[in-house]
Every structure is written in structure tokens, then in C-alpha cells.
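Notes follow once the structure below has been shown.
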Amino acid sequence: MLDHFLTRAVLGAVGVAVAAAPLGVFVVWRRMAYFGDATAHAAVLGVALALAFSAPVFAGTLLISLGMAFTVAALTGRGFGPDMILGVASHSALAFGLVAVSLVDGPRISLEAYLFGDILAVAKSDLLMIWCGAAAVWALILWRWNGLLLATLSPDLSYASDNDPEREKYVLMLALALVVAVAIKIVGALLIGAMLIIPAASARPFARTPEQMVVGAAGLGICASLLGLWAAWEIDTPAGPSIVCAAAGLFLVSSLFGRR
Amino acid sequence: MTALIETRGMHVKRGNVTVLRNVDFAIHAGEIVTIVGPNGSGKSSLMKALIGAVTPFQGQVTRKKGLRLGYVPQSLSVDPSMPMTVSRFLDLPRRSPREARQAALADAGASEIADRQLTDLSGGQFQRAMLARALLNKPEILLLDEPTTGLDQPGQAAFYKRIEEVRDNLGCAVLMVSHDLHVVMSASDRVLCVNGHICCEGRPEVVAQAEEYRALFGSGTGGALALYRHQHNHSHDDGASCDHDHQETA
Numbered sequence: 001m002l003d004h005f006l007t008r009a010v011l012g013a014v015g016v017a018v019a020a021a022p023l024g025v026f027v028v029w030r031r032m033a034y035f036g037d038a039t040a041h042a043a044v045l046g047v048a049l050a051l052a053f054s055a056p057v058f059a060g061t062l063l064i065s066l067g068m069a070f071t072v073a074a075l076t077g078r079g080f081g082p083d084m085i086l087g088v089a090s091h092s093a094l095a096f097g098l099v100a101v102s103l104v105d106g107p108r109i110s111l112e113a114y115l116f117g118d119i120l121a122v123a124k125s126d127l128l129m130i131w132c133g134a135a136a137v138w139a140l141i142l143w144r145w146n147g148l149l150l151a152t153l154s155p156d157l158s159y160a161s162d163n164d165p166e167r168e169k170y171v172l173m174l175a176l177a178l179v180v181a182v183a184i185k186i187v188g189a190l191l192i193g194a195m196l197i198i199p200a201a202s203a204r205p206f207a208r209t210p211e212q213m214v215v216g217a218a219g220l221g222i223c224a225s226l227l228g229l230w231a232a233w234e235i236d237t238p239a240g241p242s243i244v245c246a247a248a249g250l251f252l253v254s255s256l257f258g259r260r
Numbered sequence: 001m002t003a004l005i006e007t008r009g010m011h012v013k014r015g016n017v018t019v020l021r022n023v024d025f026a027i028h029a030g031e032i033v034t035i036v037g038p039n040g041s042g043k044s045s046l047m048k049a050l051i052g053a054v055t056p057f058q059g060q061v062t063r064k065k066g067l068r069l070g071y072v073p074q075s076l077s078v079d080p081s082m083p084m085t086v087s088r089f090l091d092l093p094r095r096s097p098r099e100a101r102q103a104a105l106a107d108a109g110a111s112e113i114a115d116r117q118l119t120d121l122s123g124g125q126f127q128r129a130m131l132a133r134a135l136l137n138k139p140e141i142l143l144l145d146e147p148t149t150g151l152d153q154p155g156q157a158a159f160y161k162r163i164e165e166v167r168d169n170l171g172c173a174v175l176m177v178s179h180d181l182h183v184v185m186s187a188s189d190r191v192l193c194v195n196g197h198i199c200c201e202g203r204p205e206v207v208a209q210a211e212e213y214r215a216l217f218g219s220g221t222g223g224a225l226a227l228y229r230h231q232h233n234h235s236h237d238d239g240a241s242c243d244h245d246h247q248e249t250a
């Protein structure tokens, strides 16, 4: 069954939508959109380093994304505004990544594959990575779910309940790095942020509790993946951007018809 | 008797500025203690240090082992992108049995808003939702950081009246930061006057006569005290607070 490339593409895209949902809601609630972008952009540098040292790309992106997330978190609140730090970090990470990729010896790799994804080239080993990564993201966020919610609502309430909001922040960063590493092959570094935010935002009008919003985000993300792949197959458009276009379409419908 | 929370020689910094120096403070079971002080005097920093949100730069904060603590923050801005009903909010960070949630909501006068979204609540309803959550684990001490900010006068009076009832029911200690001097004077066992350090401390009538206190607040509190007594007798409000004759639905 997994031998058909389209089956693998569907499983890969659905896996990314599933992995992105529980983190995407926090990215929306905590206004971390820019933070997600910076982390995703850093992944390009991770790709370059992984290729240079003949290491697995998954490990390279995971490590560099994690490093990026922690660096930004450490610098924020030391006299630098978060917006400024992220503006510096996000674009420099991307630029350094692009330069590093061009310096890697050997056959020139296709940059486009890492910027916009290369879903039709998903291998069985990639599927394994994607679904293990998705499982890890869910396990991590479910484990800390209530603590994360409280820390997101109010750090002070969280402290008063002996629930360290700083720890919750690192949990989210780890989850973010995992999602980036999982998603880069499918939608590419430039559009990972879209997969985090758009399905979560589309689920908002229909949700009364945080749990409903996560489930809705996962469902809408899966719909967008299938729609996008269908478009890619039928009218021969690039798969990653098509998925994001489908998500944007669902968002439009949801905000027009959702009750608030 | 051991203190519920105690600080010894505590200094607290905010950024590079020391906002509190050398604070020795203790609160015991059942006490109502109020912290007063001008803006920027370190009242909120003191509260944050007591709940553990700020680590003292020097000195220490000791809590009784296993202390059950309820905290009502000054205000909270809930991001509109976050769906959250009041009863789901009560389950953070630990889930409680349904009966316990209902009891806490009733005690806080918030039964009718259990299914409302946090973002849809009025100021008074929001504070009662916060109070309900604070009551949920049967606290030995309630910490309230200017809990009536943004409430109108009857709303404030009703909120403080409710705190008194809660204290009488639960027998918990109450520590609150307040601007409402008249409330402070009538309802507290002890008043703590803070301005970068503890200026003076003691029974309300003693503190009101203290020079340090008068230097900060002037001497017009006598009339305010009378004003508060009158407010006990008038209980009409427009849903922003909590009358007993509205409670039959609980």
C-alpha cells in the first residue's frame, strides 16, 4: 500500500496536520506566530549542516530549530523586545541557512525542496519520522496540557498553583522544534508557520473549550492537506503551497460562517 | 503557631531597581491582613514574591508545608483567540469533581456564569470567576491583589462583603492589597503600610494614627470608615455583584 507515492504523500501531509494542531493552538493563543517562523527558518541552516556532516536531515533540523528557539527565549526579556529579537533572528537564520546550503560540497541540493517542501518525494523512512514526531508532539503537549493552559492564561496564576510557566515555555519550544523537523519535508520551511496557525485560527469560531479547538484544528488541517494534495494531483500545482491555499480557503469559510 | 507564609529580610528587585527592602512579614491562620501603599510602592511585588512569581533577590520566603493557597490576580487579559468557559477554567491546573466546582461557584456568587466564556464576562463576573477558582482547593490562605480594580463602588463593596463571608465559612486567612482605605480600616485585623519597605504595621486604628501612614495617606480616613459601614446596608446592584436574594438558583 505504501508503495504508491500518492499514498505516501497523503499520509505525510495528514501526519503534519496532526502534529501541528496541538502546538498551533498555543502559537495562536500566545501570539507566537513570528516565533514559529524564526524557528522554521532556522531549519534551513539545520539542513545545510546535516548535509555537510552527512548527518540525518531530521536530526539537523531538530537540533538547529531547538537551538534557535532557546536562543531567542534567552535573549528576550534582557532589554530586547521580543519583536525585535525575532525580526533579527528570523531573517538572519534564513540568510545563513541559504548561504550555508550553497557552500555544501557535493551535488547541489535542491533548495526549493526545503523551502517549499517536496511532498511527492516522501519515502517510507520519512513517514516513520513524521508519525513518530507527531506522536511525540501529542505526548508532550497532552502530558503538560492543563499546566500549559494555565501558564498561557496567566503566569502569575500558574506560579500560585506551583506550576512553573518557564518550564511550560520550554515544553512548547521542544514541541515547536519537533513540528518543524517533521514538517519541513512536506510544506517546507517557509510555510510551516501557516500549517500551525491557519487551521487553529479556522477552528476558533466553532470552539467553546481549548480541547474543541485542538480537535477542530486537527480536523481542518487534515481537510486542507487532502484538498491541497487533490489540487496538486489534478491541476499540477506545487503540493505544499496548495495545502496552505486550501487551509486559507477553509479559514475564509470559517470566519464568514462561524458563530462568535 | 507557625506562620502560613513568612518572609525574612526579603529584598525584591524589579529589573535593576530594588522595589522592596528588608521585609519581615508573617501571616497566620484566620487573619485578615491588608497591604496599603501608594502606586509603585512595591505592594504588587510583595504579593508576587509571596505567591512565588518573583524570586527574592535576597532573604527568603517560607511557606507552611503543603500550604493550600488561593490567588486572585489584579486583572487578567484573556486573549480573545482562546476559548475557555468558566467551568473549564476552574479545572486548571487540576481537575476537580463537578460538585466541588459547583460549590466553589456558589460560594463566589458565580453559579449562573459557569458556562459563559471568560472573554464575555463583565469585570465583576470575572473577579467572581477568579474567586471561585481560588476557593476550589479549600485554601488556608486567600491572596487578593487589588481584586476590585475596575469595579464600581457597589461592586467593590459587594465583593469585599463576599470575601468576609468566605473567610467566615472557610476560616481561611486573607491577605489583600487594596486601595480602598475605608474597607481596609473596617475589615482588617492588621494593616501593613508599604512604601519600598514596611513603613508601619498593626491594628487598623493604630496604623491610622501612625505618622508614617498619615504622611502617605493624610488623615481623612475617619469619614471613609463611616461610609463603609453604611455600604453594608445597601445591596442593590445590576448583576455586577452578589446579593443573597439572587442566590436561590445556586
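Line by line, the protein sequences give chains A and B.
In this text, residue positions in the first sequence follow UniProt numbering: the first is 1, and each later residue adds one.
In this text, residue positions in the second sequence follow UniProt numbering: the first is 1, and each later residue adds one.
All residues carry an ideal CB built from backbone N, CA and C; glycine is no exception.
These numbers come from a predicted model, not from an experiment.
Count the other CB atoms, across all protein chains shown, that sit within 10 Å of the CB of leucine 174 of chain A; report buried if there are 16 or more and exposed otherwise.
-> Numbered from its first residue, the first sequence carries residue 174 of chain A at position 174. So leucine 174 of chain A counts as buried.
Contacts around isoleucine 5 of chain B, its chain only, beta-carbon distance under 6 Å, and the 5 residues preceding and following it disregarded | Within the second sequence, residue 5 of chain B is the residue found at index 5, counting from 1. Closer than 6 Å at Cβ, skipping near neighbours: Ile27, Leu50, Arg63.
Using a Cβ cut-off of 7 Å, which residues of the region 192 to 207 of chain A contact any Cβ in chain B, in chain order?
-> Arg204, Ala207
For tryptophan 131 of chain A, which residues in chain B fall below 7 Å Cβ to Cβ?
-> Sequence index remark: in the first sequence, residue 131 of chain A carries index 131 (1-based). Simply none; closest approach about 28 Å.
Interface positions of the region 172 to 186 of chain B facing chain A (Cβ-Cβ less than 8 Å), listed along the chain = none
Report the residue from A:Trp131, A:Gly249, A:Val101, A:Pro210 whose alpha carbon sits nearest the alpha carbon of serine 54 of chain A.
-> Mapped onto the first sequence, residue 54 of chain A falls at position 54. The option with the nearest alpha carbon to serine 54 of chain A is A:Val101.
Under a CB-based cut-off of 8 Å, is tyrosine 170 of chain A close to chain B?
-> As a first step, residue 170 of chain A is located in the first sequence; it is residue number 170 there, counting from the start. For tyrosine 170 of chain A, the answer is no, since every Cβ of chain B falls outside 8 Å of its Cβ.
Counting contacts by CB-CB distance shorter than 8 Å, is arginine 229 of chain B in contact with chain A?
-> Locating residue 229 of chain B in the second sequence gives position 229, counting from the first residue. For arginine 229 of chain B, the pLDDT reaches just 36, beneath the cut-off of 50, and the residue's location in the model is therefore unreliable, although a value from the coordinates is still provided. Arginine 229 of chain B does not count as touching chain A.
Close beta carbons around leucine 94 of chain A, own chain, < 7 Å, minus the five adjacent residues each side = Along the first sequence, one-based indexing puts residue 94 of chain A at 94. Only His41, Val44 meet the Cβ criterion.
Which term fits alanine 217 of chain A, buried or exposed, when burial requires 16 or more other beta carbons within 10 angstroms of its beta carbon?
-> Numbered from 1 along the first sequence, position 217 holds the residue referred to as residue 217 of chain A. So alanine 217 of chain A ends up on the buried side.
Closer than 9 Å by beta-carbon distance: list the chain A residues that pair up with arginine 88 of chain B, in chain order.
-> Here residue 88 of chain B refers to the residue found at position 88 when the second sequence is read from its first residue. The contacting residues are Leu149, Arg208, Thr209, Pro210, Glu211.
Excluding the 5 residues preceding and the 5 following tyrosine 71 of chain B in the sequence, name in chain order all residues of the same chain whose CB lies nearer than 7 Å to its CB.
-> For the purposes of this step, residue 71 of chain B is taken as residue 71 along the second sequence, with counting starting at 1. Only Ile51, Ala134, Leu143 meet the Cβ criterion.
Skipping 5 residues on each side, what residues in its chain have a beta carbon closer than 8 Å to that of valine 207 of chain B?
-> One-based indexing of the second sequence puts residue 207 of chain B at position 207. Closer than 8 Å at the Cβ level, and outside the excluded window around valine 207 of chain B, lie Val191, Cys193, Cys200, Glu201, Tyr213.
Just the Cα atoms here: how many angstroms apart are glycine 30 of chain B and alanine 187 of chain B?
-> Working through the second sequence from its first residue, we reach residue 30 of chain B at position 30. Working through the second sequence from its first residue, we reach residue 187 of chain B at position 187. Computed Cα separation, rounded: 13 Å.
Beta-carbon proximity check, methionine 226 of chain A vs valine 10 of chain A, cutoff 8 Å = Looking up residue 226 of chain A in the first sequence gives position 226. Looking up residue 10 of chain A in the first sequence gives position 10. This sequence places leucine at residue 226 of chain A; methionine is not what is there. Against a cut-off of 8 Å, the Cβ pair of valine 10 of chain A and leucine 226 of chain A comes out as a contact.
Residues that DSSP places opposite residue 306 of chain B in a beta bridge = In the structure as shown, chain B starts at 1 and stops at 250, and residue 306 of chain B therefore has no counterpart that could be examined.
At a CB-CB cut-off below 8 Å, which residues of chain B make contact with tryptophan 29 of chain A?
-> Mapped onto the first sequence, residue 29 of chain A falls at position 29. Residues of chain B passing the Cβ test: Asp79, Ser81, Met82.
Every unbroken alpha helix (DSSP H) within the region 188 to 220 of chain A, with a cutoff of 4 residues, ordered by chain | 192 to 203
Report the option in B:Pro93, B:Asp152, B:Arg14, B:Glu164 whose CA atom is closest to the CA atom of threonine 55 of chain B.
-> Start at 1 with the first residue of the second sequence, and residue 55 of chain B comes out as number 55. Out of B:Pro93, B:Asp152, B:Arg14, B:Glu164, B:Arg14 has the C-alpha closest to the C-alpha of threonine 55 of chain B.
Between leucine 23 of chain A and histidine 11 of chain B, what straight-line distance do the alpha-carbon atoms span, to the nearest angstrom?
-> Here the question's residue 23 of chain A lines up with position 23 in the first sequence. Here the question's residue 11 of chain B lines up with position 11 in the second sequence. Rounded to the nearest angstrom, the two C-alpha atoms are 38 Å apart.
Could you tell me which residues DSSP pairs with phenylalanine 25 of chain B in its beta bridges?
-> Translated into positions along the second sequence, residue 25 of chain B becomes position 25. BP columns for phenylalanine 25 of chain B point to B:Thr7.
What span of residues does the alpha helix (DSSP H) with cysteine 245 of chain A cover, start to end?
-> Numbered from 1 along the first sequence, position 245 holds the residue referred to as residue 245 of chain A. Run containing cysteine 245 of chain A: 239 to 257, per the alpha helix (DSSP H) assignment.
Min CB distance leucine 157 of chain A to chain B below 8 Å | Looking up residue 157 of chain A in the first sequence gives position 157. So, interface residue.
Those residues which DSSP pairs with alanine 173 of chain B across a bridge = On the second sequence, position 173 is the one that residue 173 of chain B refers to. BP columns for alanine 173 of chain B point to B:Ile141.
Apart from the five residues on each side of it in sequence, which residues of its chain come closer than 6 Å, Cβ to Cβ, to threonine 76 of chain A?
-> As a position in the first sequence, residue 76 of chain A is number 76, starting the count at 1. Counting only Cβ-Cβ distances below 6 Å, and skipping sequence neighbours, we find Pro82, Ile85.
Pull up the distance between the alpha-carbon of glycine 42 of chain B and that of arginine 8 of chain B, whole angstroms please.
-> Reading the second sequence from its first residue, position 42 is the one you call residue 42 of chain B. Reading the second sequence from its first residue, position 8 is the one you call residue 8 of chain B. Their backbone Cα atoms lie some 16 Å apart in a straight line.
Counting Cβ pairs, one atom from each stretch, are 3 or more of them under 8 Å apart for the region 67 to 85 of chain B and the region 95 to 109 of chain B?
-> no
Using a beta-carbon distance below 8 Å, is leucine 69 of chain B in contact with chain A?
-> For the purposes of this step, residue 69 of chain B is taken as the residue at position 69 of the second sequence. So yes, leucine 69 of chain B belongs to the interface.
Please report the residue range of the alpha helix (DSSP H) in which isoleucine 85 of chain A lies.
-> Here residue 85 of chain A is taken as the residue at index 85 of the first sequence, counted from 1. Element bounds for isoleucine 85 of chain A: 82 to 103.
Between the C-alpha atoms of glycine 36 of chain A and glycine 87 of chain A, what's the straight-line distance to the nearest angstrom?
-> Along the first sequence, one-based indexing puts residue 36 of chain A at 36. Along the first sequence, one-based indexing puts residue 87 of chain A at 87. Rounded to whole angstroms, glycine 36 of chain A to glycine 87 of chain A spans 12 Å at the Cα level.
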